[in-house]
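Since the structure comes first, as structure tokens, the remarks are kept for the end.
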Amino acid sequence: MSKTLDTPLTSAGFAAESVVECSAPSLREVFARHLGTVWRIARAFGVPADEADDVAQEVFLVVHRRLHTFQPSRSLPAWLFGITRNVVLMRRRAHTRRERRLSAVEPPPPPREPEASLELRQAAAFMQEFLDGLDEDKRLVFLLADIEGLTASEIAEALEIPLGTVFSRLRAARLKLEQFSQRLRARPVRRPHDR
Amino acid sequence: MTDEPTSSRALIAAYKACARPSAAAEAQLWASLAAAERAASPRPRRRSPSLAPWLAVAAALLLLAAWQLDLAGNFVSGHVLKDMREQAEYDAAGPGSRAATARDESAGAADDAATSATAGAPGQVLHPSPTGPRPLVVVPPRPRPAAPKTAGPRRGSQAPASEREAVEEDAAVVDDGDRMLAEMALLQEARAALRAGQPAAALDLLDRHAASFAGGGLAEERQALRVQALCAAGDPARGASEAAAFLRAYPRSTYAARVADACPKEHAQKDTSKIP
Numbered sequence: 001m002s003k004t005l006d007t008p009l010t011s012a013g014f015a016a017e018s019v020v021e022c023s024a025p026s027l028r029e030v031f032a033r034h035l036g037t038v039w040r041i042a043r044a045f046g047v048p049a050d051e052a053d054d055v056a057q058e059v060f061l062v063v064h065r066r067l068h069t070f071q072p073s074r075s076l077p078a079w080l081f082g083i084t085r086n087v088v089l090m091r092r093r094a095h096t097r098r099e100r101r102l103s104a105v106e107p108p109p110p111p112r113e114p115e116a117s118l119e120l121r122q123a124a125a126f127m128q129e130f131l132d133g134l135d136e137d138k139r140l141v142f143l144l145a146d147i148e149g150l151t152a153s154e155i156a157e158a159l160e161i162p163l164g165t166v167f168s169r170l171r172a173a174r175l176k177l178e179q180f181s182q183r184l185r186a187r188p189v190r191r192p193h194d195r
Numbered sequence: 001m002t003d004e005p006t007s008s009r010a011l012i013a014a015y016k017a018c019a020r021p022s023a024a025a026e027a028q029l030w031a032s033l034a035a036a037e038r039a040a041s042p043r044p045r046r047r048s049p050s051l052a053p054w055l056a057v058a059a060a061l062l063l064l065a066a067w068q069l070d071l072a073g074n075f076v077s078g079h080v081l082k083d084m085r086e087q088a089e090y091d092a093a094g095p096g097s098r099a100a101t102a103r104d105e106s107a108g109a110a111d112d113a114a115t116s117a118t119a120g121a122p123g124q125v126l127h128p129s130p131t132g133p134r135p136l137v138v139v140p141p142r143p144r145p146a147a148p149k150t151a152g153p154r155r156g157s158q159a160p161a162s163e164r165e166a167v168e169e170d171a172a173v174v175d176d177g178d179r180m181l182a183e184m185a186l187l188q189e190a191r192a193a194l195r196a197g198q199p200a201a202a203l204d205l206l207d208r209h210a211a212s213f214a215g216g217g218l219a220e221e222r223q224a225l226r227v228q229a230l231c232a233a234g235d236p237a238r239g240a241s242e243a244a245a246f247l248r249a250y251p252r253s254t255y256a257a258r259v260a261d262a263c264p265k266e267h268a269q270k271d272t273s274k275i276p
């Protein structure tokens, strides 16, 4: 999973390499390597930050039970994406039952990454603001491509869309990010919403 | 990063670093996951492998005893493996020919019995409880009617019963707390079948899903998959009509674009959502 997609948008650059896991990973490995990805996918589906931990927990419970069905020849992130999407859909439909289970029982989680610098947190909040402003289709493609580093074919598999659609959505999202970034530079410094 | 926190690359890097569970939350998540793993780990060892080997051993012992008592011909063919009618025909063939062929047939029957016993007692498969270790595995790789391997043993007259069994099993395996996850898992199976190029199997699983979770919360997802499976199965007419029904019912669905693209002939517009 070392490849990224911040190369120019060319078909060769995108689809040439594909990452294939040779053997089924352990639950621990999946958790350690993909927890952040699952969390961010949940956020991209509109799950609030304070519920994304719950979603991640449910996703990895499903992973725990279904890992033996995972085919190593397939894309693990794409598989995780499918599970996360289903968990989010499930929660949308049954949110009254499970809503705020952890937060009702336990004190609010400690502030995230207190060790992160103010600048870093500010930049992350800007990015969240940008993502929130994208429509879901582009947001998901952008997240998977430029943040999670999936290949175009993995994204096409995860979202079940044609490769051409992946490219066009990504191109549009990148353009919007560039515009957003320019607006950021132009406007006076302000404190963004902290998530 | 500190110089220009507003560049695209810096924003992405910062987001990736910060947008994730906190270290404390991560530890808590792993702790609960590890607890679930520990709680679940004894179950598979206890349940799934226990019956089949014991049945195989019992069958082998019975055969061995019958063989040694020279009863193998009668016992095996008359009571265990062969149909009663075959036995009657065999008896009617006359004592001479029976004496001549008794040893051969009993040997063949013993071979048959041995293979069936060591193959995990195929008769047991008719009671599809076998399933796997995990309670969420609501869709064991049970052969469906189209599957060539078990088409023989499964008679046509048993199909409705087995279908009912499958539905009941789906409902039974799932306890209350896991119901939603099980519903989801069954859809995952259908999606996997679709991706594996088996739209008929996917449709079959989706039918089971509809029967097992008629009042479930994932009807939208199921119907979206169904449209895709119908189109992939070479039934674009039904696929298109179900796609239209889906889009009417769920006009703002996440799957709307995918459903609209499922049957390309009927839906020429490629992707209405790719607005620059």
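Chains as they are written, first to last, in UniProt numbering: chain A, 1 to 195; chain B, 1 to 276. By construction, the Cβ of each residue, glycine as well, lies at the ideal position given by its N, Cα and C atoms.
Contact between residue 256 (chain B) and residue 247 (chain B) holds: their C-beta atoms lie close to 6 Å from each other, under 8 Å. Residues of the segment 202-228 of chain B with a C-beta atom less than 7 Å from some C-beta of chain A are 217, 218 and 221, listed in chain order. Per DSSP, residue 32 (chain B) is one residue of the alpha helix (DSSP H) stretching across 23-40. Of all residues in the segment 20-36 of chain B, the ones placed with a Cβ closer than 7 Å to any Cβ belonging to chain A are 20, 21, 22, 24, 25, 26, 29, 30, 32, 33 and 36, in chain order. Taking the Cα positions, residue 145 (chain A) is about 11 Å away from residue 171 (chain A).
DSSP, read as helix, strand or coil, puts residue 50 (chain A) in helix. Against residue 178 (chain A), the close residues of chain B are 8, in the order they occur along the chain (beta-carbon pairs closer than 8 Å). With a 10 Å radius around the Cβ and a threshold of 16 neighbouring Cβ atoms, residue 181 (chain A) comes out buried. Residue nearest to residue 209 (chain B) within the set B:199, B:196 and B:223 is B:223 (criterion: CA-CA distance). With respect to chain B, the C-beta atom of residue 53 (chain A) has a partner C-beta closer than 7 Å. Taking 7 Å as the CB threshold, residue 14 (chain B) lines the interface with chain A.
In the DSSP assignment, residue 15 (chain B) falls within the alpha helix (DSSP H) that extends over 8-18.
For residue 182 (chain A), the enclosing alpha helix (DSSP H) begins and ends at 163-186. The segment 58-65 of chain A and the segment 196-211 of chain B do not touch, with fewer than 3 CB-CB distances between them shorter than 8 Å.
Contacts with chain B at 7 Å (Cβ-Cβ) include residue 126 (chain A). For residue 128 (chain A), the uninterrupted alpha helix (DSSP H) run begins and ends at 118-133, by DSSP. Within chain A, the residues 62, 65 and 66 have their CB atoms less than 8 Å from the CB of residue 185 (chain B), given in chain order.
Scanning chain A for C-beta atoms nearer than 9 Å to the C-beta of residue 11 (chain B) yields 123, 124, 126, 127, 130, 177, 180, 181 and 184, reported in chain order. Contact between residue 191 (chain B) and residue 82 (chain A) holds: CB atoms are separated by about 7 Å, below the 8 Å threshold. In the three-state reduction of the DSSP assignment, residue 45 (chain A) falls in the coil class, being assigned neither a helical nor a strand state. Where residue 71 (chain A) is concerned, there is no enclosing alpha helix (DSSP H), because DSSP gives it neither an H nor an E. Non-local beta-carbon contacts of residue 42 (chain A) in its own chain, meaning distances under 7 Å to residues more than five positions away in sequence, involve 52, 55, 56, 84 and 88 in chain order.
Taking C-beta atoms as the reference points, residue 166 (chain A) and residue 156 (chain A) count as a pair closer than 7 Å. Residues of chain B whose Cβ lies closer than 8 Å to the Cβ of residue 56 (chain A) are, in chain order, 21 and 29. For residue 223 (chain B), the enclosing alpha helix (DSSP H) begins and ends at 219-232. Here DSSP, grouped into helix, strand and coil, assigns residue 146 (chain A) to helix. For residue 30 (chain A) and residue 61 (chain B), the gap between their C-alpha atoms comes out near 45 Å. Annotation: the continuous alpha helix (DSSP H) that includes residue 249 (chain B) extends over 236-249.
Here residue 178 (chain A) is exposed: its Cβ has fewer than 16 other Cβ atoms, across all protein chains shown, within 10 Å. Less than 7 Å divides the Cβ of residue 160 (chain A) from the Cβ of residue 258 (chain B). Distance between residue 38 (chain B) and residue 252 (chain B), taken at the CA atoms: about 41 Å. Put simply, the CB of residue 38 (chain B) is far from chain A, with every gap to its CB atoms at 7 Å or more. Close to residue 27 (chain A), with beta-carbon spacing below 9 Å, are these residues of chain B in chain order: 33, 34 and 37. Taking the beta carbon of residue 161 (chain A) as reference, the chain B residues within 8 Å of it are 257, 258, 261 and 271, listed in sequence order. Membership of residue 25 (chain A) in any alpha helix (DSSP H) is not indicated, and neither H nor E is assigned to it by DSSP. Proximity of chain A to residue 198 (chain B) at the Cβ level (cut-off 9 Å) is not reached, the minimal Cβ distance being about 14 Å.
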